[in-house]
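Shown next, in structure tokens, is the structure this report addresses.
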Amino acid sequence: MENMQYAEELVREFLVFRGFTSTLQAYESELSTDIGKGFQVDKILDLIFSIYIPKFEAEKLVGLLGFFKQCLASSSDNTFLSTVSKLEVSILRYYMVHAIQSGRTDKVLEFLKTNGNDLLQRTKDWTPWFAMPYLKNPKFDPHFHVYFTKEWYEALHVSVRNFFSEVFNGTRIPALLKLSSEKTTVNHLKRDIKQLNLKLTQLQALLEEKEAHLCHLRSLVNSSSSVLHEENITSSNDAQEPCPSPTTLVGETKLTRDGVLAGSDKYTASNEDSSSSLTLCTGDSEVGDSTHSYEDGRQMVNSGEVHVQEDFPEVKVEFQETFLGHTSPISRCRFSASGNNVASASLDGTVRIWTYDPSTPASRNATIYCGAEIMSLDWECKSDRLLLIGTADAGIKAWNVDAKRVVCDLNTTDMFPSVLDIKCSPVESIFVSAAASRGHGSSYVDSLGFASLTVWNMRTWKSMTVLPLGKDPPAITSMCFNHNGKILAAAATDGMIHMFVRK
-16 MENMQYAEEL VREFLVFRGF TSTLQAYESE LSTDIGKGFQ VDKILDLIFS
34 IYIPKFEAEK LVGLLGFFKQ CLASSSDNTF LSTVSKLEVS ILRYYMVHAI
84 QSGRTDKVLE FLKTNGNDLL QRTKDWTPWF AMPYLKNPKF DPHFHVYFTK
134 EWYEALHVSV RNFFSEVFNG TRIPALLKLS SEKTTVNHLK RDIKQLNLKL
184 TQLQALLEEK EAHLCHLRSL VNSSSSVLHE ENITSSNDAQ EPCPSPTTLV
234 GETKLTRDGV LAGSDKYTAS NEDSSSSLTL CTGDSEVGDS THSYEDGRQM
284 VNSGEVHVQE DFPEVKVEFQ ETFLGHTSPI SRCRFSASGN NVASASLDGT
334 VRIWTYDPST PASRNATIYC GAEIMSLDWE CKSDRLLLIG TADAGIKAWN
384 VDAKRVVCDL NTTDMFPSVL DIKCSPVESI FVSAAASRGH GSSYVDSLGF
434 ASLTVWNMRT WKSMTVLPLG KDPPAITSMC FNHNGKILAA AATDGMIHMF
484 VRK
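With our numbering applied, the sequence shown covers -16 to 486.
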């Protein structure tokens, strides 16, 4: 009802704007007597069969029927347009029949003169109707006899009523009502956008607060690490003071290690393990108290109070570049075997191939549209030519980066549509696909059903075998080959790893 009132206001506003005052008065009068507040088929039938045809207003009749054809031309259902075209032919023929029955042959001639060419262009069936005005008794002519019967008129009247009832009351909404519905939708969207913007502002403020807190914690950790490091250095220096001349124990050999610490420090080593265990003598320590020095630079006191470990050098980024092109979150990223190309997959079902090094030709760069969510990627290990893509609709595509086309499109069974992982053998022209059926849970793991591992031949692009996993095996989410491709490890959602040895 709200949409109807808004549409009526639009009509009223237009009539006032154009100055159609008489039409506006008639419009207001009909609105006051409109009880149904909707489309009324009887008024359309009266307009056709009780006004336009009896009063011989052929131009208005043709215009009304053309209007209905134009309205239905935009409909996706061609049946309605075909039906209204057939009804138009029957209504216009009834107009001529009614004029002949009323003795108004002149109206028939006027109608044919005005619309004859257009009617002949549509269909040649109108040709005999040009002879009707010149026949003495057309109703007795075999070609026109049926159109003068009461049964034909009643069938036409019922057909027109049923058609308009179906079109306007059941399926089609007038454009003005669509405008009002769209206005309501736009208002809802504006309100939702306002609420989302408010929520976004709140989340940004919360994010800034968390980042400030995180920076504060990092500063505290850095300051604590600096203090601890200084204390460790002080303790180490105290422990390395020169010791008095040591007494060589019975069964031991005196050993000096230059380059480990200062030259004044002396070590004694046991004959049993003189290569790995060294004893440092301190001024007040007993034989049992020792400091062990390892090849990686670590030093440790037996009491466990001091642990000093050599710091790793800082990682420096020498080259960094941002690649743009994906329009949705990226879910997978894989380097090619030579490292010259990168393949990335996003949730919108596209895979892009990049060349990250400006000195490398970009001829292999491409965008692959898969039409489904990408769940796995892997490059052929022996070359950079083939990229394997696993999708969520049981598809495995082999993309040739040189030819820039899909050279093979494989399919797993409908029982296992989700290709969770693909791994190529490092030595052979085979690959293994891990597919899973659909589960019934809400979480990611529960949404995965049972697993299926299939070995494929990359030369014939046919499946070689299905690896045994037992009855109702849980989904396999990750796989890897060892260095020579003889062993395959497959990780399952139940916490188990399946090992397969190729003979």
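Even for Gly, the Cβ is constructed at its ideal location relative to N, Cα and C.
Note that the coordinates shown come from a computational prediction; the quantities given were computed from them, not determined experimentally.
Beta-ladder partner(s) of residue i, from DSSP
| i | result |
| --- | --- |
| Asp361 | Leu371 |
| Asp392 | Lys380 |
| Cys316 | Ser327 |
| Thr437 | Ser416 and Val449 |
| Cys407 | Phe414 |
| Phe464 | Leu471 |
| Arg201 | According to DSSP, which records beta bridges pairwise, Arg201 is partnered with nothing at all. |
| Arg421 | Leu431 |
Limits of the unbroken alpha helix (DSSP H) element including residue i
| i | result |
| --- | --- |
| Ala458 | No alpha helix (DSSP H) holds Ala458; DSSP gives it neither H nor E. |
| Ala138 | Lys133 to Glu149 |
| Val24 | Val24 to Asp29 |
Simplified DSSP state of residue i, which is helix, strand or coil
| i | result |
| --- | --- |
| Val402 | strand |
| Cys54 | helix |
| Tyr352 | strand |
| His126 | coil |
| Ser286 | Note that Ser286 has pLDDT 45, beneath the 50 cutoff, so the model's placement of it is unreliable and no number is given. |
| Val484 | strand |
| Trp337 | strand |
| Gly432 | strand |
| Met79 | helix |
| Phe0 | helix |
| Arg87 | coil |
| Arg442 | coil |
| Arg(-5) | helix |
| Gly322 | coil |
| Asp101 | helix |
| Gly242 | Bear in mind that a pLDDT of 38 at Gly242, under 50, signals an unreliable position, so the number given afterwards is only what the model happens to contain. Gly242: coil per DSSP, three-state reduction. |
| Asn120 | coil |
| Pro37 | coil |
Distance cut-off 7 Å: residue i Cβ against heavy atoms of the ligand PLP
| i | result |
| --- | --- |
| Leu431 | No copy of the ligand PLP appears in this structure; indeed no ligand is present at all. |
Residue environment, residue i, which counts as buried when at least 16 other CB atoms sit within 10 Å
| i | result |
| --- | --- |
| Asn467 | exposed |
| Gly373 | buried |
| Phe503 | No answer is possible for residue 503: the residues shown for the chain start at -16 and end at 486. |
| Pro456 | buried |
| Val(-1) | exposed |
| Lys380 | buried |
| Val298 | exposed |
| Cys316 | exposed |
| Met482 | exposed |
| Thr492 | This structure gives no information on residue 492, because the portion of the chain shown stretches from -16 to 486. |
| Ser33 | exposed |
| Met447 | exposed |
| Trp444 | exposed |
| Val67 | buried |
Any chain C beta carbon closer than 8 Å to residue i
| i | result |
| --- | --- |
| Leu452 | Considering every chain present, this structure includes no chain C. It has just one protein chain. |
Delimiting residues of the beta strand (DSSP E) encompassing residue i
| i | result |
| --- | --- |
| Ile470 | Ile470 to Ala475 |
Should the segment 395 to 413 be regarded as contacting the segment 433 to 440, the criterion being three or more beta carbon pairs within less than 8 Å?
-> yes
Counting Cβ pairs, one atom from each stretch, are 3 or more of them under 8 Å apart for the segment 461 to 470 and the segment 398 to 408?
-> yes
When the Cβ atoms of the segment 128 to 145 are set against those of the segment 103 to 116, are three or more pairs found closer than 8 Å?
-> no
contact_flag[the segment 315 to 328, the segment 357 to 370] where n(CB pairs < 8 Å) is 3 or more | yes
Hey, is the segment 166 to 179 in contact with the segment 113 to 125, meaning 3+ C-beta pairs nearer than 8 Å?
-> no
Are the segment 45 to 53 and the segment 82 to 89 in contact at 8 Å, needing three or more beta carbon pairs?
-> no
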